[in-house]
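Numbering (numbering that gives the first Met the number 0), first residue to last: 0 to 851. Each residue gets a CB set at the ideal place from its N, CA and C atoms; glycine is no exception. All values reported here derive from a predicted model rather than from experimental measurement. Report on the structure given below.
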Amino acid sequence: MSKNLVIVESPAKAKKINQFLGKDYCVMASVGHVRDLPAKKLGVDVEKGFEPEYVATTRGKKVLKELKAEAKKCENIYLAPDPDREGEAIAWHLYEALKKTVPDENFYRVTYNEITKSAILAAFEQPEKIDMDRVNAQQARRILDRLVGFQGSPVVRKQIRGAQSVGRVQTVALRLVVERENEIAGFQPETYFTVGAQVRKQEAPLDPFTVKLARINNEPIGIKDRKLLPGAVKTMEQLEGIQKELDNSPLKVRDVITKVVTRRARPPFITSTLQQSASGSCGFAPARTMGIAQKLYESGLITYMRTDSFNIAKSAQDECRQFIGNSYGSEYLPEKPNFYKSKGAAQEAHEAIRPTDVTVEPGREGVKLEAAEQKLYKLIWERFVASQMVPAKIARRTVEVEAGTQNSYLFRATASEIAFPGYMKASGIEAAADKPKEGDDSETETIPPLVKDENLDVLDWLSEQKETKPVARYTEASLIQALEENGVGRPSTYAAIMSKLDEREYVVKDKRSLIPTELGKELVTLVLRTEEKLKSGNKVDLFEVRFTADMEHKLDEVEEGKIEWTDMMQEFYPSLLEWIEHAKETADPAMVAKCFQALEAVREWAPAVKSGRRVYDDRKTFEDLKEKVDEGELLSKRQGEMLHKMCCRYIQQISPELAAELELIEPEAVRGDTPRKIELLANVKFEEPRKVGKRTYDDKKFVSSLGDQIAMGKRLSERQLAYLDTLLTKYSDQLENFEAIKAEFKLDEKEEVEADPTTAPVLALFDHVAEWAEPTTRGKREFNDKTFFESISAQFKGKGSLSDRQLAALKKMAARYADQIPNYAAAQDQYGLPAPRVPKKKKEEAADAAES
C-alpha cells in the first residue's frame, strides 16, 4: 500500500512524476478543477461578504470519489497542481474536499517549475502549506468574472440580438479591436511622392545602387505616424519641379557615415511573448500554442508555460553558459550572465519559459514529438540560449548624396552587414539593421566604396506615387501585446480571451487580422453609450481599460497579502450595479403602443415554427409582451425591435397609415438576397453529416435552420452568411449556370486568396489513385483521405483556390500515394512534393515478409 497520495492536474503529468517518486507514492490526477461555482445560478451571496457556493463539477464528482477512496489508504497527501494562482486554488479545493481523510498536518503543497527528476525530488524534500493569499486572489477573480457574466450578460442579451455575454476582460479586448477598426475607417489617406535615383561611381566598380530623397532644404521628407513630414512631395506639380531642377544637377557624395550598431538579445519567453512569437513564426493561435506548450511541459522538455517572469534559475543559467562556451566558443559568452527585469507584478519565484535541459537541442529531443511540438520547442530553445549570449554587432554604412542648384536635396542609401553574429548564432539571422524610418533612410543590399566629394553618375531618376496608410488591424498576437502593455488580463487568460471573442462571434479572422463583426460593434457601442452616461454622473466605466487594469493591480495586491479580497469586492460591486443600471435601454413606449395597435388588426397569424428545442410563435409572443406592458413593465430596446420586425412581417394586414407611421418595410427587403441563396440550395443533394470531435456538421440541417430563422425575421450572423456562400461554392457542380450565380452574389470578391499555380496539377495527380487508404481514427476524429480529397476538389472547382494549409495537406497526402502516381519523382521536383512515404500497412507487410 502506498503511504503517500500525490495529486497533480493532468494524467500525463501523473504518469511522469510517478516514475520519479517510486512505489511509496501513488500519483493521481484531478484533471483540472474538481469544484466550482454552480453552473445555473449566481452561487455568490453578496450580502454575506461575497461568500461563494462551491459544488463538485460533473467530472469532479467521479474524480473526488476515486481520490477519497485512495486517500483513506494513505498517511500523507501532497497537493501538486501547477505553480500559479489557478493551481493554488485547485490545491485548496482538493484540500477542502479531502480534509476529513487525513489530519491537517499531513497535507502538503509542493510546487515545481519543471517536470524533471531533480526538480520533483527537490520539491518533495521541501513541501510547504497552501498559500491562502494566492487562493484568495484566484477566488476574487473567479467571483468578479461570475458577477459580471451572470449579472451583466442578461442585460446585454436583452439589448442586442445575438449577443451572448459580456466579460470583465473579454469586453475590454473587444473594445480595443472595435476602436482600432473605427480609427481605420476614419483614416483619411494623403497622397505623396517618393523621389530617388539609380546611380553609380564614375570609375570601377561600376555596380549601380539606389539612393532616395531624404531631405529638401534640410527638412525631412516622408511620413511619420502615418502623417506627412514637412518637405514631403505632395503634388505632381512639385514633383515635376524637383525633377526639372535635378535633371541638370550633378550628384556628389557629401558624407559616408560608418557606424557599428549593437543589438542585444531579447529576454527568454514569458507566456504573452511566446504566444506572440508563435503566432508570427509558426502561425499558431494562442490557444494552440498553449496546448502544445502544455504537452512539452508534461514531457519534461520545458518549464512551466504560464508565467510573466523573466527570471532564470541560477543553475539553468550556469548550464546554459557552459553550453554556449562549449558549442559556440568563449567569444559568444558575456563576462557576466545576462539578466532581464520583469514587470512589477511578475512573480520572481517563477521562471521564464526555457528548456529544462539546454543540451537537448531541437531535433534531438529523445522523445517523439509532432511537427508542431518540434517547432515550438525550437522557438523556446533558441530564444533561451540567445538570451544568454553576447550582443550582435551590425556594421551600418550610410552614404549621403547632395544635389540641387536653387534648392538643397539630400539623398541617402544605407547598407548593413553583420560584423559579429553574437546571439544570432543561436537564434538565426534576424533583420541585419534597425528598421529605418519610413520615407527617411533607404536600405539597399550593397554600396560600393565611396569617398567624400566624389561625383556620381545618374543612370535613372526614380519616382513613385504613394498614400499614407492607417494603423494595421489587431492580430491575436498584437492584441495580446496591447492587453499586456495596458495591464489587462494575465498570462493564463490571454488564450481564453482570444477564443471567447471568436466563439461569441464578436470578431472574425481575415488571414491573421481581427475584424469586429456587426454584433461586436453593437456591443461596444452599448458599452461606450453607457460610459457616457456614467461620466455625466462622475461614475467609472466597468469596461474601461484603466479601470480593468486597476482591478488586475488589486488582484496582485490580494496575492501579496496587502489587501483583503472581500474589501476589493466591496469596492468593485457598486460599479457593476451602476453599469447594469445605466446599460439598460428601453424601447420608446409610444412606438410600442403603436406596434400593439397595428398588431391588434392581425387576423391570420403565421404557424408556430420549431427551431432546435425552441418554438417561435408570433401570436403568443405578441400576447406575452402586451401582458407585460399592461402590467406596467417597460420593454427593452431589443424587445421593441423584435415587435417592430413582427409588424413588418404582417404589413399586409396593417392599415397603410399605421404602416407609414411606423416606417414598416416588406419582409423581403429586410432579408436581402439570403432567401434566394437558400432557394438555390433547395434541390442540392447534400453530403452526409460528418462528426469532428463533439460537433456534427450537417449542411442540409444548417440550410434548413437558416430558412426557419429568416422566416421568423431573425437576423443571421456574419459567420452564418459567410458559410452560406461557402456552401454555394461547395455544391457549385449541382447549380445550373454557376458563373452567373457567382456574379450575382459577387462571390469572387469575397475570396482574396490567389490560387497557387501548383494546385490544379497536384489535384490532377490523384486521378491515378485507384486504391485509397482505409479511414483512421485519432481520438474522436476520423481521417479519411478520399473524403478529404473530394471535399477540397469541390472547393477548388468553385473558388479556384485553396488555403496554404489545405494545399500543404494535399501535397503531404500525395506522398502517401506516390506508388500509384506515374513519374512521381518528376512531379516531386516540379510541384514541391514531399519524398514518397510508405504506408504503414505496407511497412507491416514488409516486416512480416522479412520474418518469414
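Inset, instruction - Let me know the secondary structure DSSP gives Y24 once reduced to three states. - result: For the purposes of this step, residue 24 is identified with residue 25 of the sequence shown, where counting begins at 1. Of the three classes helix, strand and coil, the one that applies to Y24 here is strand, per DSSP.
Inset, instruction - Compare the beta carbon distance of H349 and P515 with 8 Å and say whether it is the shorter of the two. - result: Within the sequence shown, numbered from 1, the residue matching residue 349 stands at position 350. Within the sequence shown, numbered from 1, the residue matching residue 515 stands at position 516. Contact: no.
Legend entry - Run of the alpha helix (DSSP H) containing G195, from where it starts to where it stops: Counting from 1 along the sequence shown, the entry for residue 195 is found at position 196. Where G195 is concerned, there is no enclosing alpha helix (DSSP H), although the beta strand (DSSP E) it sits in stretches over 190-200.
Inset, instruction - May I ask you to report which of helix, strand or coil DSSP gives A605? - result: Residue mapping note: residue 605 aligns to position 606 of the sequence shown, counting from 1. If DSSP states are grouped into helix, strand and coil, A605 belongs with coil.
Legend entry - For P382, the first and last residue of its enclosing alpha helix (DSSP H): The residue labelled residue 382 in the question sits at position 383 within the sequence shown. This sequence places Arg at residue 382; Pro is not what is there. Residues 370-386.
Inset, instruction - Identify which residue in K12, K67, R382 has its Cα closest to the Cα of V852. - result: The shown model of the chain, from 0 to 851, leaves out residue 852, and the question about it has no answer.
Inset, instruction - Output yes or no for whether 8 Å exceeds the beta carbon distance between S280 and L378. - result: As a position in the sequence shown, residue 280 is number 281, starting the count at 1. As a position in the sequence shown, residue 378 is number 379, starting the count at 1. Yes, these two residues count as a Cβ contact at 8 Å.
Inset, instruction - With a threshold of 16 other CB atoms inside 10 Å of the CB of L120, please say whether the residue is buried or exposed. - result: In the sequence shown, the residue the question calls residue 120 occupies position 121. It is exposed - the Cβ of L120 has fewer than 16 other Cβ atoms within 10 Å.
Inset, instruction - Taking only beta-carbon positions, decide if T234 is within less than 8 Å of chain C. - result: Absent from the structure: chain C. Only one protein chain is present.
Inset, instruction - Please state whether DSSP places V506 in a helix, a strand or coil. - result: To locate residue 506, count along the sequence shown from 1; it is residue 507. Strand.
Inset, instruction - Could you pull out every residue in the same chain whose Cβ sits closer than 7 Å to the Cβ of I791, ignoring the five residues on either side in sequence? - result: Indexing the sequence shown from 1 puts residue 791 at position 792. Cβ neighbours of I791 beyond the five flanking positions: L801, Q805, L809.
Inset, instruction - Pick out the complete beta strand (DSSP E) segments inside the segment 139-216, 3 residues or longer, and give them in chain order. - result: Those beta strand (DSSP E) runs which fall completely within the segment 139-216 and span 3+ residues are 190-200, 208-215.
Legend entry - Whole alpha helix (DSSP H) elements within the segment 765-799, 4-residue minimum: 784-798
Legend entry - Start and end residues, beta strand (DSSP E) containing P37: As a first step, residue 37 must be located in the sequence shown, where it is residue number 38. Unbroken run through P37: none, as it is neither H nor E.
Legend entry - Cutoff 8 Å; reference K436; Cβ partners in own chain excluding five residues on either side: As a working note, residue 436 is residue 437 in the sequence shown. Only weak support is given to the placement of K436: the predicted model assigns it a pLDDT of 42, under 50, and the question is left unresolved by the model.
Legend entry - Residue range of the unbroken beta strand (DSSP E) whose run includes V7: Here residue 7 refers to the residue found at position 8 when the sequence shown is read from its first residue. Start and end: 3-7.
Inset, instruction - Take the Cβ of N822 as the centre, count every other Cβ of all protein chains shown within 10 Å, and call the residue buried at 16 or more, exposed below. - result: Position 823 of the sequence shown, counted from the start, is the residue given in the question as residue 822. So N822 ends up on the exposed side.
Legend entry - Presumed contact (8 Å Cβ cut-off) between L598 and Y649, rounded CB distance: Residue numbering aside, residue 598 sits at position 599 when the sequence shown is read from its first letter. Residue numbering aside, residue 649 sits at position 650 when the sequence shown is read from its first letter. About 7 Å; that satisfies the 8 Å criterion.
Inset, instruction - Enumerate in chain order the residues of its own chain whose CB-to-CB distance from F419 is below 6 Å, with the five nearest sequence positions on each side excluded. - result: For the purposes of this step, residue 419 is taken as the residue at position 420 of the sequence shown. Same-chain partners within the cutoff: K392.
Inset, instruction - Kindly indicate the opening and closing residues of the alpha helix (DSSP H) around R718. - result: Here residue 718 refers to the residue found at position 719 of the sequence shown. From DSSP, the alpha helix (DSSP H) with R718 extends over 717-729.
Inset, instruction - For S851, count neighbouring C-beta atoms within 10 Å of its own C-beta (all shown protein chains included) and say buried if the count is 16 or more, exposed if not. - result: As a working mapping, residue 851 is identified with position 852 in the sequence shown. Confidence at S851 is low in this model, with a pLDDT of 32, below 50, so the placement of that residue should be treated as unreliable; the coordinate-derived value is given next. The residue in question, S851, is exposed, as its Cβ has fewer than 16 Cβ neighbours within 10 Å.
Inset, instruction - Determine the DSSP secondary structure at R836, reduced to helix, strand or coil. - result: As a position in the sequence shown, residue 836 is number 837, starting the count at 1. R836 sits in coil when the DSSP states are folded into three classes, being neither helix nor strand.
Legend entry - Those residues which DSSP pairs with V232 across a bridge: In the sequence shown, residue 232 corresponds to position 233, counting from 1. V232 is bridged to F192.
Inset, instruction - Report the option in E364, I352, A264, I301 whose CA atom is closest to the CA atom of L332. - result: By 1-based counting over the sequence shown, the position of residue 332 is 333. L332 has its Cα closest to that of A264, out of E364, I352, A264, I301.
Inset, instruction - Please work out which residues of its chain come closer than 7 Å, Cβ to Cβ, to L832, disregarding the five sequence neighbours upstream and downstream, and give them in chain order. - result: As a working note, residue 832 is residue 833 in the sequence shown. These residues qualify, in order along the chain: K810, A813, A814, A826.
Legend entry - R689 versus G486 - alpha carbon distance: Mapped onto the sequence shown, residue 689 falls at position 690. Mapped onto the sequence shown, residue 486 falls at position 487. Going from the Cα of R689 to the Cα of G486 covers about 43 Å.
Inset, instruction - Check whether the Cβ atoms of D132 and E558 lie closer than 8 Å to each other. - result: Along the sequence shown, one-based indexing puts residue 132 at 133. Along the sequence shown, one-based indexing puts residue 558 at 559. A contact, by the Cβ cut-off of 8 Å.
Inset, instruction - Please list, in chain order, all residues of the same chain as A122 whose beta carbon is under 7 Å from its beta carbon, the five residues on each side excluded. - result: Within the sequence shown, residue 122 is the residue found at index 123, counting from 1. Result list for A122: V109, T110, Y111, in chain order.
Inset, instruction - Identify, in the order they occur along the chain, each residue of the same chain with its Cβ nearer than 6 Å to the Cβ of I291, setting aside the five sequence neighbours on each side. - result: Position 292 of the sequence shown, counted from the start, is the residue given in the question as residue 291. So the list reads A371, E372, L375, once near-sequence residues are dropped.
Inset, instruction - Can you tell me which of L295, D246, T467, Y473 puts its alpha carbon nearest to the alpha carbon of W460? - result: Numbered from 1 along the sequence shown, position 461 holds the residue referred to as residue 460. The option with the nearest alpha carbon to W460 is D246.
Legend entry - Beta-carbon gap between A605 and D617 smaller than 8 Å: If you number the sequence shown from 1, residue 605 lands on position 606. If you number the sequence shown from 1, residue 617 lands on position 618. Yes. Within cutoff.
Inset, instruction - Would you mind sorting H92 into buried or exposed? The rule is 16 or more other CB atoms within 10 Å of its CB. - result: Working through the sequence shown from its first residue, we reach residue 92 at position 93. Buried.
Legend entry - According to DSSP, residues forming a beta bridge with W91: Position 92 of the sequence shown, counted from the start, is the residue given in the question as residue 91. Paired residue(s): none; W91 is not in a bridge.
Legend entry - Ranges of the alpha helix (DSSP H) found wholly within the segment 235-292, counting only runs of at least 4: 235-246, 270-281
Inset, instruction - Note down the Cα distance separating Q150 from R167, rounded to an integer number of angstroms. - result: Counted from its first residue, the sequence shown places residue 150 at position 151. Counted from its first residue, the sequence shown places residue 167 at position 168. C-alpha separation (whole angstroms): 12 Å.
Inset, instruction - Buried or exposed for M304, please, with buried defined as at least 16 other CB atoms from any protein chain shown within 10 angstroms of its CB. - result: Taking the sequence shown and counting its residues from 1, one reaches residue 304 at position 305. Burial call: buried.
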